[in-house]
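Residue numbers (my numbering), protein chains in the order written: chain D, 111 to 517; chain E, 7 to 234. Have a look at the structure below before the remarks.
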Amino acid sequence: MNARERFEAVVNHRDPDRVPVDLGRHVGSLHRLSYARLAEKLSDPDLKNHDKILDRMVQNVFPDEKLLRKFNVDFRWLVPNWVGVHEVEGEDAYRDMWGIKWTHMLDSYSVVDSPLKDVAIDDLDGYAWPDPYDSEMFSGLREQAKHWYENTDFVIVADSIKGGLLTKALQIRGYEPFFSDLAQDVSYAEALLDKLLWLYKEMWSQYLKEVGPYVQMVYFTDDIGAQNSMMISPDIFRTLLKPRLKELIDHIKGQADVKFMYHTDGSVVPVIGDIIEMGVDILNPIQTSALGMDTYAMKEAYGDRLCFHGAIDVQQMLPFSTPEEVRYDVAKRIYDLGRGGGYILSPCHNIGSDVSPENILALFDAAQELGRYPLQLDTVLKPVDLNPVIAPPEEKPVAKKRPRRRP
Amino acid sequence: MSDRKDEILDGLYDHAIEGEAEPVVALTNEGLELGMEPTAILFYALIPAMEEVGRLFEEGTYFVPEMMVAAKAMQGAMHILQPLIAASGIEPVGRFVMGTVKGDIHDIGKNLCDIMLEGVGFEVIDLGVNVAPEAFVEALREHQPHALGMSAFLTTTMGMFKVNIELIGQAGLRDVALIYVGGAPVTQEYCKQVGADGYAPNASALVRDLKARMGISSAEGGKQERKE
């Protein structure tokens with residue numbers, strides 16, 4: 111099987127020849143420091159791209175084509191150009207095309223100013239929104255896509271226009287103000303989300319005019335999960351975000367024959383059914399270190415309708431494991447998620463500066479060694495992981511009446 | 007107690023849980039005008055409300071947005087009550103120094119902890135975000151708090167816990183305060199590993215753990231019992 115055939119099998123829930131492997135998108139590449147250490151470990155003087163930054167905010171790199179081939183990466187990512195960025199004078203900081211200010215902290219950039227924090231609902235239209243028709247944003251991508259399409263058999267993916275609906279709303283309005291809007295001023299939240307939705311739809315139209323005929327998958331990044339629960343309630347997700355995300359997915363799928371991959375970090379188990387209903391084909395990144403993100407249980411519950419991408423944890427597993435433990439975790443994720451296809455193996459986020467080159471190599475070596483179909487992991491996994499016990503879903507009344515009186 | 011005073015306490019409790027800041031401030035002011043004790047407003051309405059909010063968060067009914075507006079509403083009342091309580095000579099139940107570690111500017115979780123701690127009677131000294139290790143040491147020396155809390159949101163910044171704790175040790179201040187660590191990637195195991203005293207997954211868990219360790223669960227509880 112070539113990469114595109116492998117992808118085709120996996121997304122149609124059939125066994126491929128091996129688990130497809132992914133690396134190199136804006137939330138799934140290597141931090142420049144870990145990339146440099148890996149290059150040193152490989153002692154390959156020709157490994158390039160040390161300074162070719164993919165995403166300025168997280169300081170990751172476009173990995174060298176040579177490395178992608180070494181790791182047998184099946185995907186090649188088209189990344190929209192960063193446009194409308196303004197440097198902030200006298201600081202290591204910039205404003206992005208949305209007007210959000212980012213300042214350098216340690217080894218990445220963090221939001222320090224949200225331009226809509228004091229903007230009233232009636233003044234939203236008058237804000238200096240990015241121009242969705244700025245042709246610079248996607249220039250060069252058609253040529254790249256066409257080249258890959260005609261000369262390789264890699265799966266070609268349109269990377270996300272950075273930021274999603276909830277994430278962008280939180281960044282541009284400010285985390286506390288927008289959380290307050292969600293809890294109490296729904297009309298503001300709706301007005302802002304509608305504005306963002308319109309912009310994304312227009313941008314995706316431009317994007318797909320350029321690359322639509324060549325891509326097999328598109329990626330949309332948002333975050334609705336937190337470490338131990340969802341970031342927002344399932345109710346708010348269902349009423350404010352789900353219909354808008356469905357509209358965006360329909361819009362995109364109406365313009366190109368693509369699979370849609372939706373990204374959310376964190377714990378999102380309560381709304382996976384809703385995510386499927388929105389039209390999502392592939393869920394990324396399956397943050398296994400977040401509460402309840404049990405890969406075996408998710409595959410059992412949703413594996414016939416949803417594919418999984420990621421699941422190799424960068425928060426707890428990769429930084430704090432030995433190479434042997436990394437290999438074991440890879441085996442577990444392939445076993446849990448890969449039965450009958452439906453799984454694309456990838457680090458669940460960027461490989462940070464705290465991950466050793468030994469663990470990076472252990473990850474991709476194990477993917478090759480253990481990802482062959484038919485899967486033969488019986489001798490690798492412990493009995494407890496071969497026959498996991500799925501915890502019964504927590505019985506929780508939908509709208510539990512809380513004591514309305516003081517105790 | 008007159009009916010209106012009871013209504014005020016009930017209203018404060020309900021509106022604080024719902025995160026409705028305006029009525030919380032209005033009822034606080036009205037209660038004070040009617041001669042209610044600031045501590046009564048705190049102990050009989052606001053603290054029970056925050057405890058309920060913490061419970062709702064932990065059971066998965068409330069999420070960050072609901073908890074945040076509730077904490078903000080509480081804070082509005084606290085700004086009115088705190089100076090009055092301080093002026094009447096009532097000592098805080100303890101002092102807490104808080105900060106997000108160097109290289110990290112995430113502060114939502116930290117700010118929620120601040121409000122919950124103030125709500126149960128702590129004096130909170132918040133050093134802000136991106137706090138240098140030396141600033142934690144200096145704050146320990148200057149304020150001699152009962153507890154120090156450090157927050158980190160990223161695996162790459164939580165390494166600062168160990169750096170800070172070592173520096174605090176070198177300054178001979180390790181025994182001044184209980185040291186708590188928290189933030190998304192932090193675990194109980196990691197807390198142990200860096201030599202901290204406590205870890206809490208959320209604000210109400212922090213308050214509960216700290217009160218238990220300091221043996222201060224009885225003060226406001228006793229008052230509530232008398233009330234009932």
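All C-beta atoms, glycine included, are put in the ideal place defined by N, C-alpha and C.
Check, Outcome
"Arg437/D CB to nearest heavy atom of the ligand NAP below 6 Å", "Within the structure as shown, the ligand NAP is missing, as the structure has no ligands at all."
"Option nearest Asp375/D by Cα separation, candidates Glu357/D, Asp345/D and Val424/D", "Val424/D"
"Host beta strand (DSSP E) of Tyr243/D (start-end)", "Here Tyr243/D belongs to no beta strand (DSSP E), and DSSP marks it neither H nor E."
"C-alpha distance - Leu123/E paired with Gln81/E, whole-angstrom precision", "11 Å"
"Spatially closest choice to Ala51/E from Leu40/E, Glu65/E, Glu13/E and Val75/E, by CA coordinates", "Glu13/E"
"Within chain E, the residues that Ser297/D reaches when beta carbons sit closer than 9 Å", "Simply none; closest approach about 15 Å."
"Helix, strand or coil at Gly228/E according to DSSP, with G and I counted as helix", "Per-residue confidence for Gly228/E stands at a pLDDT of 34, beneath the threshold of 50, marking its modelled position as unreliable; no derived number is given."
"Supposed contact pair Leu358/D and Tyr310/D - C-beta distance, whole angstroms, cut 8 Å", "6 Å"
"DSSP bridge partner residues for Met74/E (one or two, in chain order)", "Met74/E pairs with nothing; no bridge assigned."
"Unbroken alpha helix (DSSP H) run spanning Gly60/E, endpoints", "Ile53 to Glu65"
"Simplified DSSP state of Thr331/D, which is helix, strand or coil", "strand"
"Minimum Cβ-Cβ distance from Ala501/D to chain E less than 7 Å", "no"
"The segment 45-64 of chain E touching the segment 194-214 of chain E, judged by at least three CB pairs closer than 8 Å", "yes"
"For Gly274/D, the nearest candidate out of Leu177/D, Trp314/D, Thr489/D and Asp156/D (CA to CA)", "Trp314/D"
"Beta-carbon neighbours of Asn170/E, restricted to chain D and to distances below 8 Å", "Ordered by position in chain D, no residue passes the 8 Å Cβ test against Asn170/E, which lies about 14 Å from the chain."
"Three-way DSSP call (helix, strand, coil) for Lys211/D in this model", "strand"
"Cross-strand partners of Val204/D (DSSP beta bridge)", "The sequence as given places Tyr at residue 204/D; Val does not occur at that position. In DSSP, Tyr204/D forms a bridge with Glu197/D and Trp212/D."
"Contacting positions in the segment 326-358 of chain D - beta carbon closer than 8 Å to chain E", "Ala336, Gln337, Asn338, Ser339, Met340, Met341, Ile342, Ser343 and Ile346"
"Collapsed DSSP secondary structure at Cys458/D in the structure displayed", "coil"
"Run of the alpha helix (DSSP H) containing Val30/E, from where it starts to where it stops", "Ala27 to Glu39"
"Start-end ranges of the beta strand (DSSP E) lying completely within the segment 89-166 of chain E, minimum 3 residues", "100-106, 128-132 and 153-157"
"Member of Phe264/D, Ser218/D, Gly383/D and Pro493/D whose CA lies at the smallest distance from the CA of Met111/D", "Phe264/D"
"One or two residues paired with Asn170/D in a DSSP bridge", "His141/D and Asp165/D"
"Candidates Met164/E, Leu179/E and Leu154/E, of which the one nearest Val100/E by Cα", "The sequence shown places Gly at residue 100/E, not Val. Answer by Cα proximity: Leu154/E."
"Backbone secondary structure at Asn394/D - three-state DSSP", "strand"
"Cβ neighbours of Trp187/D in the same chain (closer than 6 Å, five flanking residues each side left out)", "Gly134, Arg135, Val267 and Asp269"
"Ala501/D versus Ala301/D: straight-line alpha-carbon distance, rounded", "40 Å"
"Nearest candidate by alpha-carbon position, reference Ala149/D, set Arg166/D, Val171/D, Met167/D and Leu164/D", "Val171/D"
"Three-way DSSP call (helix, strand, coil) for Arg179/D in this model", "helix"
"Limits of the beta strand (DSSP E) - the one that Val267/D falls within", "Val265 to Ala268"
"Under 8 Å by beta carbon: chain D residues contacting Leu72/E", "Residue identity check: residue 72/E is Glu in the sequence provided, not Leu. What Glu72/E touches in chain D: Ala293 and Ser343."
"C-beta neighbour in chain D for Thr161/E, strict 7 Å", "yes"
"Gly383/D vs Ile444/D beta-carbon contact at 7 Å", "no"
"Sequence-distant residues of the same chain with beta carbon closer than 6 Å to Asp446/D, five excluded per side", "Thr405, Tyr406 and Lys409"
"Backbone CA spacing between Gly309/E and Phe128/E [nearest angstrom]", "Here chain E has residues from 7 to 234 only, and residue 309/E is not among them."
"Cβ neighbours of Pro467/D in the same chain (closer than 8 Å, five flanking residues each side left out)", "Ser144, Arg147, Leu148, Glu150, Lys151 and Leu152"
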